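See below for the structure under consideration.
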Amino acid sequence: MSANRRVLILGCGSAGLNTALILQQEIPELEVTLMAKDFPPHTTSDVAAGIFRPGSTFQAPTEELRHEWLAFSWDYYTKLRINEDQSQTGIIEMPCYILTSNEKTMFQFPFLSQRASGFRECSKQELNVFQPPGKWVKGHYFRTMVIDNSRFLPWAMQRFTERGGKLISRQINSFEDRILKEFDVVINCTGLGSKYLCPDRKMVPVRGQVVKVKAPWMKMAVYGDAESYIIPGVDYVTLGGTRNFNNYSLDAEPMETETILKRACLMVPSLEKAEVVSERVGLRPHRHEVRLELETRSNGLKVVHNYGHCGYGVMASPGTSKHAVELVKESLRTENKSWMDKHKL
1 MSANRRVLIL GCGSAGLNTA LILQQEIPEL EVTLMAKDFP PHTTSDVAAG
51 IFRPGSTFQA PTEELRHEWL AFSWDYYTKL RINEDQSQTG IIEMPCYILT
101 SNEKTMFQFP FLSQRASGFR ECSKQELNVF QPPGKWVKGH YFRTMVIDNS
151 RFLPWAMQRF TERGGKLISR QINSFEDRIL KEFDVVINCT GLGSKYLCPD
201 RKMVPVRGQV VKVKAPWMKM AVYGDAESYI IPGVDYVTLG GTRNFNNYSL
251 DAEPMETETI LKRACLMVPS LEKAEVVSER VGLRPHRHEV RLELETRSNG
301 LKVVHNYGHC GYGVMASPGT SKHAVELVKE SLRTENKSWM DKHKL
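In the UniProt record's numbering, the protein residues as written are 1 to 345.
In structure tokens:
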């Protein structure tokens, strides 16, 4: 048996790359390979605005586990933001307002109220800063983070390969594929691809369309009604958005672009001067809860599943990836206790 064990990660979005980095850090003796059909900048993660704002559609098997994933992710990105070059990682601190025009709206931010600095309800004076005056009846303010994947994913790929990680461009359509037998453990981070790979009928695409604009004066994120948001990144501002369940179209719809721009400019009129850079579409990998478990397939293949983050893969993948790495350790420990003891895992 080879001294070094081999682990394959399927998928090279936020979940795949964060799993790879955490795996290399915690078990440096492993040979880690990333295999994917699409690499940055052509992943679903590249479309996302990447703001750290947990929503109700991000669910775990238990509330305790959900909090654990979020807490690890918050600390993970905070450490990178402080200790690494932000111009490289794309992780920036961001003030954020969440507004509503409906008096009956109930805001629930248990995690942010504990972790995000400055978390509070907005005053009437603050609400009236946003247009049109008098529309917004409630809101919250806090300081959070944006993980700009136009910077973070290339940085993560470089860090991965510098540590000896390997990249393979290939699509896997079945866990029966012979190449998978070359690895001790396979980690499935294929997102929506798991609908067909596993197959998992619980996976549903949630189409999202955004508009990227140049507006360097925007230094805060703003959420309004009806999927409307403004989220600055390092180079561009992401304007959103849409949420179309079970829609597989990757074509940008001109009418949706027009609506997105109109809503954003109504809230923040200065955006009328913004230069439109691109229209992007991605399919969020929606599942009723993230699938995170170790499976032994009928052919003996050990698979750790880490998918189903919906629109929260950028935000929460460090936490789920840490969990996935613990499952890899469990698999290797079960298979070869002496190897695990030697490496003190």
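Ideal Cβ positions, reconstructed from N, Cα and C, are used throughout, including at glycine. Bear in mind that the values here come from a model prediction, so they are computed numbers and not experimental data.
Environment of residue i [buried if 16+ CB atoms lie within 10 Å]
i: Ile98; result: buried
i: Ile82; result: exposed
i: Tyr248; result: exposed
i: Arg333; result: exposed
i: Pro318; result: buried
i: Val213; result: buried
i: Gln114; result: exposed
i: Met1; result: Note that Met1 scores 34 on pLDDT, short of 50, meaning its location in the model is unreliable; the coordinates nonetheless yield the value given after this. Burial call: exposed.
i: Asn188; result: buried
i: residue 348; result: Limits of the chain in this structure are 1 at one end and 345 at the other, which puts residue 348 out of reach.
i: His42; result: exposed
i: Lys322; result: buried
i: Arg297; result: exposed
i: Leu120; result: It is worth fixing the name first, because residue 120 is Arg in this sequence and not Leu. When all chains shown are included, Arg120 counts as exposed.
i: Phe160; result: buried
i: Thr100; result: buried
i: Pro132; result: exposed
i: Thr105; result: exposed
i: Pro40; result: buried
i: Gln25; result: exposed
i: Pro254; result: exposed
i: Gly300; result: exposed
i: Asn173; result: exposed
i: Ser331; result: buried
i: Pro269; result: exposed
i: Phe107; result: exposed
i: Pro205; result: buried
i: Asn102; result: exposed
The ligand COA heavy atom lying under 6 angstroms from the CB of residue i
i: Asp225; result: Among the components of this structure there are no ligands whatsoever, and the ligand COA is therefore not found.
7 angstroms Cβ cutoff, residue i in contact with chain C
i: Val276; result: Here there is only one protein chain, and chain C is not present.
Sequence-distant residues of its chain with Cβ nearer than 7 angstroms to residue i (five each side left out)
i: Val211; result: Leu239, Thr257, Ile260, Leu261, Val276, Glu279
i: Val314; result: Ser14, Ser45, Ala48, Gly50, Ile147, Asn149
i: Pro61; result: Glu289
i: Ala116; result: Phe142, Arg143, Thr144
i: His67; result: Phe111
i: Ala252; result: Gln209, Glu279, Val281
Spatial neighbours of residue i in its chain, beta-carbon cut-off 6 angstroms, leaving aside the 5 residues before and after
i: Pro232; result: Met218
i: Asp184; result: Arg5, Arg6
i: residue 362; result: Any property of residue 362 remains undetermined from this structure, which presents the chain solely from 1 to 345.
i: Gly118; result: Phe142, Arg143
i: Trp339; result: Because Trp339 carries a pLDDT of 49, less than 50, the predicted location of this residue cannot be relied on, and the following value inherits that uncertainty. No residues qualify anywhere along the chain.
i: Phe52; result: Thr144, Met145, Met315
i: Leu23; result: Val32, Val325
i: Leu327; result: Leu294, Val304
Beta-bridge pairing of residue i - partner residues as DSSP gives them
i: Glu93; result: Met145
i: Thr296; result: Lys302
i: Leu153; result: Answer by DSSP bridge pairing: none, since Leu153 is not bridged.
i: Val237; result: Val213, Pro232
i: Val7; result: Val32, Val185
i: Arg291; result: Tyr307
Cβ shell of residue i (< 8 angstroms), same chain only, five flanking positions each side left out
i: Pro28; result: Arg163
i: Glu227; result: Gly240, Gly241, Thr242, Arg243
i: Ser194; result: Asn188, Asp200, Met203, Pro285, Arg291, His305, Tyr307, Gly308
i: Ala316; result: Pro54, Phe58, Trp69, Leu70, Ser73, Val290, His309
i: Tyr77; result: Phe52, Ile91, Met145, Ile147, Pro318
Could you check whether the region 176 to 186 touches the region 6 to 15, counting it as contact only if at least three pairs of C-beta atoms, one from each stretch, sit closer than 8 angstroms? Touching, yes.
Touching or not, the region 273 to 286 and the region 240 to 256, by the rule of three or more beta carbon pairs under 8 angstroms? Taking a contact to require three or more Cβ pairs closer than 8 angstroms, the region 273 to 286 and the region 240 to 256 qualify as touching.
Are at least three pairs of beta-carbons, each pair with one atom in the region 187 to 205 and one in the region 301 to 316, less than 8 angstroms apart? Yes, the region 187 to 205 touches the region 301 to 316.
Unbroken alpha helix (DSSP H) runs of length 4 or more, entirely within the region 161 to 231: which are they? Counting only runs that start and end inside the region 161 to 231, the alpha helix (DSSP H) elements of at least 4 residues fall at 194 to 197.
Going along the chain, which unbroken runs of the alpha helix (DSSP H) with 4 or more residues stay wholly within the region 244 to 287? The region 244 to 287 contains these whole alpha helix (DSSP H) runs: 254 to 267.
Do the region 149 to 169 and the region 27 to 41 meet, that is, are 3 or more Cβ pairs less than 8 angstroms apart? Yes: the two stretches touch, three or more of their Cβ pairs being nearer than 8 angstroms.
Would you be able to state if there are at least three C-beta pairs under 8 angstroms between the region 125 to 144 and the region 85 to 92? As far as the Cβ criterion goes, the region 85 to 92 does not touch the region 125 to 144, which means the pair count is below three.
Quick one: which unbroken alpha helix (DSSP H) runs of 4-plus residues sit fully inside the region 307 to 335? Chain order, please. Entirely contained in the region 307 to 335, the alpha helix (DSSP H) runs reaching 4 residues are, in chain order, 313 to 335.
Residue ranges of each alpha helix (DSSP H) within the region 21 to 101, 4 or longer: Complete alpha helix (DSSP H) runs here, min 4: 63 to 83, 86 to 89.
Enumerate, from N- to C-terminal direction, the unbroken alpha helix (DSSP H) stretches of 4 or more residues contained entirely within the region 109 to 139. Segments of the alpha helix (DSSP H) lying fully in the region 109 to 139: 110 to 115, 124 to 127.
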